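16 is the number that numbering that gives the first Met the number 0 gives to position 17 of the sequence shown; each next residue is one higher, with no gaps.
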Amino acid sequence: MKTLKCPQCDIHRFVVKNALDEGVVVTVNEHCEVIPVHINDSFVGFDLTVIYCLGCSWYGSPKSLSKGKHR
Ligand SMILES: [Zn+2]
């Protein structure tokens with residue numbers, strides 16, 4: 000499965016956060032869908048519209064990653 004990469008640092012792991020600032024590590028597939036790295040992690044209460052890069056300070060919507068690959 001193809002995963003989208005951070006437009007700044009080119010890694011493909013991100014974190015989504017909930018209201019308690021807890022994080023779940025995710026990847027984003029080529030359809031801009033957010034997928035948990037650990038299959039048992041739940042997305043209940045998590046905001047999937049903003050993802051935070053694990054490798055740098057980039058954050059944004061999953062859809063904005065698909066633009067980055069054309070750089
Ligand atoms: Zn990054």
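By construction, the Cβ of each residue, glycine as well, lies at the ideal position given by its N, Cα and C atoms.
The structure displayed is predicted, hence computed values, not measured ones.
Ligand 1 heavy atom lying under 8 Å from the CB of residue i
i, result
"I10", "yes"
"L53", "yes"
"C5", "yes"
Test item: CB-CB of residue i and residue j under 9 Å
i, j, result
"V25", "P35", "yes"
Own chain partners of residue i with C-beta closer than 7 Å, once the 5 adjacent residues on each side are dropped
i, result
"T2", "H11, T26, V27, N28"
"D9", "none"
For residue i, the residue or residues it bridges with in DSSP
i, result
"K4", "Note: K4 sits in no beta bridge, so no partner."
"D46", "K16"
Cut-off 6 Å between Cβ atoms - residues of its own chain near residue i, not counting five sequence neighbours on either side
i, result
"C55", "Q7, C8"
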